[in-house]
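Here this note's numbering = 1-based position in the sequence shown + 26.
In this text, a Cβ means the ideal position worked out from N, Cα and C, and glycines have one as well.
A quick write-up on the structure given underneath.
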Amino acid sequence: MRRVFFLLGKGGVGKTTSAASLALNLSRKGFSVFWASIDPAHNLWDVLGMEEEGGVKRVEGRLWAQEVDLEAYIRRFLGETTQRMKELYRHLQILNLEGMLDVLRYSPGMEESALLFALKEILEVHGDKDYLVIDTPPTGLTLKIFSLPFSILLWIDQLKKWRERILDRRAVVRSIKGEKALGEGVACEKGEDSIYRELERQEREAGVMAELLRDGDRVANILVMNQDRLSFMESQRIKVFLERMEIPIHLILLNKFGLVRGREGVEEGRVRETFSPVPVRVLPFVEGALGKEELLLLGRDWVEELV
Ligand SMILES: Nc1ncnc2c1ncn2[C@@H]1O[C@H](COP(=O)(O)OP(=O)(O)O)[C@@H](O)[C@H]1O
Ligand SMILES: [Mg+2]
């Protein structure tokens, strides 16, 4: 895989349109491309003017696309999590995991977790393609997905410390009361403790994601905006948020240029100044239908710079 592209920005600015343009142009250059929409309100196939179907579908040449089924990922994510918990807590008969499923399903953070899980799988399964193009949900959810690996790392760091304390106490009990005091299979060492090992596994997984998101060579974030004040302001907030997480922005697309006129519109110069040194490419507002040819034309200049 050469690179993953994330299309970010406010709803309606043209993320899906730009993603389509990027994916089509890359595929016409002969690259293999996987285009995934992780926006729960998909319209990937509508933009391409194709019939909607579940699963992965070939668009043309070496371009494949998929609308990620969030509900299915939530079910699988819950399934895998409970399975792992069952194995970890085999000895605790009282733990009613099935009963907890419903509570977990509607817990805060579930959508982000499932989407992060989906993203990880897309990267694994389609890592053989030259490029991955990811069409993202509205800003709030996307930024939560992006920050999730970092908050997981903070949590795990703390949980590991607590677990170490428990293991230390067990070791003290054992040294005083002898080998048998703790019971069968109760570990005192990190390497033998299944819970500690699970924390390390999750730490590794989150670490891979966090590292990837910050790696400007492997990931390119494309921020799409329009000239209206609201999308400009939201883009500024995205910039601040990503900067705080040390996630770089690769390119700004000032889309539907010319649609907003007069005082309502933010000047191109102001956009360039605000996001400098990130390059800004201007995409015109296209009158009439946006068919494949128009989509290809829309990305002709800037896609060239991305390969
Ligand atoms: N450059 C453009 N010229 C004309 N219409 C555009 C352009 N970019 C996007 N649109 C239109 O704007 C609407 C929203 O675009 P879309 O790509 O779905 O936005 P998002 O994915 O950010 O919600 C669609 O109707 C799309 O056809
Ligand atoms: Mg969209």
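Would the beta-carbon of Asp65 be found less than 6 Å away from any heavy atom of ligand 2?
The residue labelled residue 65 in the question sits at position 39 within the sequence shown. Flag set: Cβ of Asp65 near ligand 2.
Compare the Cα-Cα distances from Arg296 to each of Glu205, Arg255, Leu239 and Lys282 and report the closest residue.
The residue given as residue 296 occupies position 270 in the sequence shown. Closest option to Arg296, Cα to Cα, is Arg255.
Hey, Leu193 and Asp219 are a contact pair by Cβ (cut 8 Å); roughly how many whole angstroms apart?
Against the sequence shown, residue 193 aligns to sequence position 167. Against the sequence shown, residue 219 aligns to sequence position 193. Yes, Leu193 and Asp219 are in contact; Cβ-Cβ is about 6 Å, under 8 Å.
Taking the CB atoms as reference points, tell me whether Lys155 and Ser47 lie closer together than 7 Å.
The sequence position of residue 155 within the sequence shown is 129, counting from 1. The sequence position of residue 47 within the sequence shown is 21, counting from 1. Not closer than 7 Å, so no.
For Gln293, tell me which candidate among Ala236, Gln109 and Phe258 has the shortest Cα-Cα distance.
Taking the first residue of the sequence shown as position 1, residue 293 is located at position 267. The amino acid occupying residue 293 in the given sequence is Glu; Gln does not appear at that position. Measuring from the Cα of Glu293, the nearest candidate turns out to be Phe258.
From Lys216 to Leu179, what does the alpha carbon distance come to, in whole angstroms?
Numbered from 1 along the sequence shown, position 190 holds the residue referred to as residue 216. Numbered from 1 along the sequence shown, position 153 holds the residue referred to as residue 179. Cα to Cα, the separation comes out at about 18 Å.
Could you check the C-alpha separation between Ser53 and Lys318 for me, to the nearest Å?
The sequence position of residue 53 within the sequence shown is 27, counting from 1. The sequence position of residue 318 within the sequence shown is 292, counting from 1. If you take the alpha carbons of Ser53 and Lys318, they lie about 13 Å apart.
For Ile248 versus Leu277, is the C-beta distance shorter than 7 Å?
One-based indexing of the sequence shown puts residue 248 at position 222. One-based indexing of the sequence shown puts residue 277 at position 251. Yes; because the gap between Cβ atoms is below 7 Å, this pair is in contact.
Tell me the rounded alpha-carbon separation between Pro134 and Lys170.
Working through the sequence shown from its first residue, we reach residue 134 at position 108. Working through the sequence shown from its first residue, we reach residue 170 at position 144. C-alpha separation (whole angstroms): 11 Å.
In whole angstroms, give me the CA-to-CA distance for Gly153 and Leu316.
Within the sequence shown, the letter at position 127 stands for residue 153. Within the sequence shown, the letter at position 290 stands for residue 316. Using only the alpha carbons, I get a separation of about 30 Å.
Report the option in Pro164, Thr43 and Gln92 whose CA atom is closest to the CA atom of Lys36.
Taking the first residue of the sequence shown as 1, we reach residue 36 at position 10. Taking only the C-alpha atoms, the option nearest Lys36 is Pro164.
With distances taken between CB atoms, is the gap from Pro274 to Gly242 smaller than 7 Å?
The sequence position of residue 274 within the sequence shown is 248, counting from 1. The sequence position of residue 242 within the sequence shown is 216, counting from 1. Yes.
Hey, quick one: how far does the alpha helix (DSSP H) through Val104 stretch, first residue to last?
Translated into the one-based positions of the sequence shown, residue 104 becomes position 78. A quick correction: the sequence has Leu, not Val, at residue 104. From DSSP, the alpha helix (DSSP H) with Leu104 extends over Leu96 to Leu114.
Find out if the Cβ-Cβ distance for the pair Tyr99, Phe143 is shorter than 7 Å.
Locating residue 99 in the sequence shown gives position 73, where the first residue counts as 1. Locating residue 143 in the sequence shown gives position 117, where the first residue counts as 1. Yes, these two residues count as a Cβ contact at 7 Å.
Taking 6 Å as the cut-off, is the CB of Asn252 close to at least one heavy atom of ligand 1?
The residue given as residue 252 occupies position 226 in the sequence shown. Flag unset: Cβ of Asn252 not near ligand 1.
For Glu229, which residues of its own chain have a beta-carbon under 7 Å away from its beta-carbon, when the five flanking residues on both sides are left out?
If you number the sequence shown from 1, residue 229 lands on position 203. Excluding sequence neighbours, Glu229 sits near Leu179 and Ile182.
What does DSSP give as the partner residues of Arg7 in its beta bridges?
This structure leaves residue 7 out entirely; the chain is present only between 27 and 333.
Scan the segment 246-274 and note each continuous alpha helix (DSSP H) run of 4 residues or more that stays entirely inside, going in chain order.
255-270
Where the alpha helix (DSSP H) through Leu149 begins and ends:
Taking the sequence shown and counting its residues from 1, one reaches residue 149 at position 123. Per DSSP, Leu149 belongs to the alpha helix (DSSP H) from Met136 to Val151.
How long is the line joining the alpha carbons of Leu158 and Ile148, rounded to whole angstroms?
Within the sequence shown, the letter at position 132 stands for residue 158. Within the sequence shown, the letter at position 122 stands for residue 148. Near 9 Å, if we compare the C-alpha coordinates of Ile148 and Leu158.
Give me whichever residues DSSP pairs with Trp71 in a beta bridge.
Numbered from its first residue, the sequence shown carries residue 71 at position 45. Paired residues: none, contrary to the question.
Ignore the nearest five residues each way along the sequence and tell me which others in Leu141's own chain have a CB closer than 6 Å to its CB.
What you label residue 141 is simply residue 115 of the sequence shown in a count that begins at 1. Answer for Leu141: Ile64 and Ile171, listed in chain order.
Is the Cβ-Cβ distance between Gly325 and Asn69 less than 7 Å?
If you number the sequence shown from 1, residue 325 lands on position 299. If you number the sequence shown from 1, residue 69 lands on position 43. Against a cut-off of 7 Å, the Cβ pair of Asn69 and Gly325 comes out as no contact.
Once the 5 residues before and after Trp90 are set aside, which same chain residues still bring their CB inside 6 Å of it?
Stepping through the sequence shown from its first residue, residue 90 is reached at position 64. Correct list, in chain order: Phe60, Val82 and Arg84.
Could you check whether the Cβ of Lys282 sits closer than 6 Å to any heavy atom belonging to ligand 2?
Working through the sequence shown from its first residue, we reach residue 282 at position 256. No, the beta carbon of Lys282 sits no closer than 6 Å to any heavy atom of ligand 2.
Cα separation between Tyr132 and Glu299?
Here residue 132 refers to the residue found at position 106 when the sequence shown is read from its first residue. Here residue 299 refers to the residue found at position 273 when the sequence shown is read from its first residue. Spanning the two alpha carbons is a distance of roughly 42 Å.
Taking Cβ to Cβ, would you say Leu285 is nearer than 7 Å to Phe311?
As a first step, residue 285 must be located in the sequence shown, where it is residue number 259. As a first step, residue 311 must be located in the sequence shown, where it is residue number 285. Contact: yes.
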